[in-house]
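Trainee: For the sequence shown, position 41 matches number 41 in full-length UniProt numbering, and the numbering has no gaps at all. Quick reminder that beta carbons are idealized off the backbone N, C-alpha and C, glycines included.
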Amino acid sequence: MTLPIEVRGLTKTFGDVAAVTDLSFDVAPGAVTGFLGPNGAGKTTTMRMMLGLVTPTSGTATFGGARYTDLRRPTSTVGAVLDSAGFHPGHTALDHLRVYARMGRHGEARVRHVAELTGVTAFAGRGTRALSTGMRQRLNLATALLGDPRALLLDEPGNGLDPEGIAWLRRFLRGLAAEGRTILVSSHVLAEIEQLADRVVVISGGRLAATAAVGELSGAPAVHVRSPQAGPLAAALPGARVERLAPDALRIHGLTLPEVAAAAAAASVPLHGITLERPTLEQMFLHLTGGSR
Ligand SMILES: Nc1ncnc2c1ncn2[C@@H]1O[C@H](COP(=O)(O)OP(=O)(O)OP(=O)(O)O)[C@@H](O)[C@H]1O
């Protein structure tokens with residue numbers, strides 16, 4: 001059975017800090033949903049509220065209609081990784097898994113299985129102090145999977161992973177989603193979410209900024225041009241939005257690179273450089289929110 005997640009009006013204030021304000025979104029089964037926002041946007045607080053670790057000031061989060069704290073077998077329903085600080089220094093990776101398995105009443109066969117699935121087997125006997133960031137992330141994932149949960153909440157699982165690690169995580173999470181699981185993955189890195197997720201929930205300042213398919217995220221890239229005749233070039237680009245970055249540098253929105261190159265050639269303007277520029281997280285926010293923030 002699939003397990004949709006519904007977040008409705010979640011709000012948390014710590015004293016006079018509004019960490020999360022009236023946040024509502026859905027996480028659908030069978031897909032990887034990214035939860036994207038800059039540092040301090042409220043991602044961790046939201047996930048902690050979803051798991052009943054922080055009491056919301058108001059609002060609810062439900063898994064298949066039930067709050068986490070009302071689930072009969074929570075670890076078999078929702079697997080979560082919220083931070084990677086909790087490794088006992090005297091434990092091996094396998095010890096760590098076994099401790100969590102005992103708490104959730106999962107047997108040794110399950111420990112071996114999740115260790116195999118996540119690649120933890122390769123370093124099962126190594127002390128947790130000697131694990132690389134990538135190994136810790138795998139061990140966290142293995143721990144979250146112990147109860148064979150239908151939903152996964154992962155806070156920054158790509159943090160500190162190299163490109164190969166991200167590629168592995170992408171395949172792994174997509175495989176879990178293809179089995180019908182509901183997966184929410186937070187990150188403050190746009191490029192990471194673009195790789196890992198199908199859909200994305202974007203928050204900023206504790207509020208929902210947008211929900212979108214990953215393909216809709218960044219908007220079209222801009223064209224960055226260097227030319228000793230930047231002024232005449234700008235004048236030769238009707239319909240485009242042109243930012244003058246320096247006397248000899250322009251950022252052009254609304255045209256493709258070949259269109260800019262053709263316009264420069266037609267106006268006999270020499271180009272010293274022309275590149276496509278991917279939008280930054282900030283520019284993406286502007287794009288998604290129509291410039292309203
Ligand atoms: N226990 C707390 N007491 C006071 N303020 C808090 C507490 N927890 C979080 N905050 C504040 O709430 C806001 C949101 O923090 P949160 O950790 O949820 O953001 P985040 O999006 O997860 O950021 P990061 O990517 O840096 O982990 C921040 O301003 C933070 O300082």
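Write down every uninterrupted run of the beta strand (DSSP E) in the segment 102 to 157 whose length is 3 residues or greater and which is fully enclosed by it, in chain order.
Mentor: 151 to 155
Trainee: What does the alpha-carbon distance come out to for the pair A19 and T92?
Mentor: 36 Å
Trainee: Whole angstroms is fine: what's the gap from R126's alpha carbon to V32's?
Mentor: When rounded, the distance between both Cα atoms is 31 Å.
Trainee: Please list, in chain order, all residues with a C-beta atom less than 6 Å from at least one heavy atom of ligand 1.
Mentor: Output, sorted by chain position: F14, V17, A19, G37, N39, G40, A41, G42, K43, T44, T45, H188.
Trainee: Could you say if the segment 201 to 212 and the segment 34 to 42 meet the contact criterion of at least three C-beta pairs nearer than 8 Å?
Mentor: yes
Trainee: With three or more beta-carbon pairs closer than 8 Å as the criterion, would you say the segment 69 to 78 touches the segment 107 to 127?
Mentor: no
Trainee: In or out: M103 buried (at least 16 other Cβ within 10 Å) or exposed?
Mentor: By the Cβ neighbour-count rule, M103 is exposed, with fewer than 16 other Cβ atoms within 10 Å of its own.
Trainee: Pull up the distance between the alpha-carbon of T46 and that of L276, whole angstroms please.
Mentor: 35 Å
Trainee: Is it buried or exposed, P238, if we count other Cβ atoms within 10 angstroms and call 16 or more buried?
Mentor: exposed
Trainee: Report whether the distance from the Cβ of K43 to the nearest heavy atom of ligand 3 is below 6 Å.
Mentor: Absent from the structure shown: ligand 3. Ligands present: ligand 1.
Trainee: Does DSSP put G34 in a helix, a strand or coil?
Mentor: Here G34 sits in strand by DSSP.
Trainee: With three or more C-beta pairs closer than 8 Å as the rule, is the segment 134 to 154 touching the segment 181 to 194?
Mentor: yes
Trainee: Does H96 come out as helix, strand or coil in the three-state DSSP assignment?
Mentor: helix
Trainee: Under 6 Å Cβ to Cβ from T2, same chain only, skipping five residues before and after it: list those, please.
Mentor: P29, G180
Trainee: From the DSSP output, in three-state form, read off S204 for me.
Mentor: DSSP places S204 in strand when its eight states are reduced to three.
Trainee: Distance, Cα to Cα, R293 vs R138?
Mentor: Note that R293 scores 44 on pLDDT, short of 50, meaning its location in the model is unreliable; the coordinates nonetheless yield the value given after this. So the alpha carbons of these two residues sit roughly 37 Å apart.
Trainee: Just to check my reading of the structure: H188 and N39 have Cβ atoms closer than 8 Å, yes? What is that Cβ distance to the nearest angstrom?
Mentor: 5 Å
Trainee: Using beta-carbon positions only, say whether L10 and M49 come within less than 7 Å of one another.
Mentor: yes
Trainee: Using only the alpha-carbon positions, how far apart do A263 and A240 sit?
Mentor: 11 Å
Trainee: Using the rule of at least 16 other Cβ atoms within 10 Å of the residue's Cβ for burial, across every protein chain shown, is S227 buried or exposed?
Mentor: buried
Trainee: Taking the DSSP output, what are the residues bridged to H253?
Mentor: R241, per the DSSP bridge assignment.
Trainee: To the nearest angstrom, how far is it from the Cα of T128 to the Cα of F63?
Mentor: 32 Å
Trainee: Quick one: using the 10 Å Cβ neighbour count with 16 as the cut-off for buried, is L245 buried or exposed?
Mentor: Flag for L245 reads exposed.
Trainee: Would you mind giving the Cβ-Cβ distance between V223 and L257, rounded to the nearest angstrom? I have them listed as a contact below 8 Å.
Mentor: 5 Å
Trainee: Within the segment 161 to 213, note down every full alpha helix (DSSP H) run reaching 4 residues or more, in order along the chain.
Mentor: 163 to 178, 190 to 196
Trainee: Check the C-beta distance from I166 over to G158 and give it rounded, since I have them as a contact under 8 Å.
Mentor: 5 Å
Trainee: Below 7 Å between beta carbons: does that hold for V214 and E192?
Mentor: no
Trainee: Spell out the partners DSSP gives G79 in its beta bridges.
Mentor: L152
Trainee: Measuring CB to CB, does T13 end up less than 7 Å from T44?
Mentor: no
Trainee: So, A142 versus V120, is the Cβ gap smaller than 7 Å?
Mentor: yes
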